[in-house]
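Input: a single structure, listed below in structure tokens.
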Amino acid sequence: MTVGAAVGYGPSTRLVPCVGDLVAKFLKRIHQESHVPWNRITLVAHSLGTQISGDAGNKLGGRKIKKIIALDPAVPLYGVDGITASLLGPKSAKQVIVLHTSQGQYNMGTADFYANTATQPGCEKYSVYTQFTEAFTCSHTRSFKYFIESVLNPHAFPARKCASYDKLKEGKCARRYSTYFGPETGVTGTYFFKTLSKKPYYRMEEESSVEM
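The following block contains the structure:
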């Protein structure tokens, strides 16, 4: 059981800076004692763990790890409508790749990828009125499922660069896919991609359609 599951989300957010301190100290230790270069360290985190990773990355005394991969970051109490700023940001690492799969998300990284819409395909069966928790959890957990597929197949999710989802719907964005979502992407900016409703989530007909 995680700390968040044991004590609840609200109290867990108060523990984030403490855990961030511990992670930062651990990173400094493996750098100093094991001589691991900063540019070879990558953190992969989900939900509230992304805020912990961002906090840790911000506490390295001006040094930066290579990459943070943030899977559907926790946003309640953080950021635009929150009581505190997001601890995860584009300066938390040299590269911050963010995947968004649920509601209330906003750009936090050097590259932000939005999958589908706020409700993921296959999660619509849950009513937002009677089963909000189930609907949110369904979309929230899709982030690491998509990430796993992107590791196994680097060409699984071709993405289109666009300033916003509204502009994408209005047809005011690039018509061609320009990159793939995944841990090795080197792009910056905001991107959108689509998935299927069940595993495997990638759309085979789009797999080779990226114009690099």
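Under the UniProt record's numbering, the letters of the sequence shown match residues 1 to 212, in that order.
Built from N, CA and C at the ideal position, the CB exists for glycine as well.
CB-CB length for residue i against residue j, believed under 8 Å
{"i": "residue 51", "j": "residue 76", "result": "Their Cβ separation, rounded to whole angstroms, is 11 Å, which puts residue 51 and residue 76 out of contact at 8 Å."}
{"i": "residue 163", "j": "residue 181", "result": "17 Å between Cβ atoms; not a contact."}
{"i": "residue 108", "j": "residue 86", "result": "6 Å"}
{"i": "residue 146", "j": "residue 157", "result": "7 Å"}
Same chain, Cβ closer than 7 Å to residue i, five either side skipped, listed in chain order
{"i": "residue 31", "result": "38"}
{"i": "residue 40", "result": "66"}
{"i": "residue 122", "result": "197 and 198"}
Those residues which DSSP pairs with residue i across a bridge
{"i": "residue 35", "result": "None; residue 35 has no bridge partner."}
{"i": "residue 85", "result": "Answer is none; residue 85 lacks a bridge partner."}
{"i": "residue 189", "result": "111"}
{"i": "residue 140", "result": "DSSP lists no partner for residue 140."}
Start and end residues, alpha helix (DSSP H) containing residue i
{"i": "residue 48", "result": "48-57"}
Per-residue DSSP class, three states only, for residue i
{"i": "residue 158", "result": "strand"}
{"i": "residue 67", "result": "strand"}
{"i": "residue 148", "result": "helix"}
{"i": "residue 106", "result": "coil"}
{"i": "residue 45", "result": "strand"}
{"i": "residue 75", "result": "coil"}
{"i": "residue 201", "result": "coil"}
{"i": "residue 27", "result": "helix"}
Cβ neighbours of residue i in the same chain (closer than 6 Å, five flanking residues each side left out)
{"i": "residue 168", "result": "162 and 192"}
Cβ-heavy atom distance, residue i to the ligand SAH, below 7 Å
{"i": "residue 26", "result": "Questions concerning the ligand SAH fall outside what the structure shown contains, since it holds no ligand whatsoever."}
Proximal residues to residue i (C-beta, below 8 Å), its chain only, five neighbours per side dropped
{"i": "residue 165", "result": "114, 117 and 192"}
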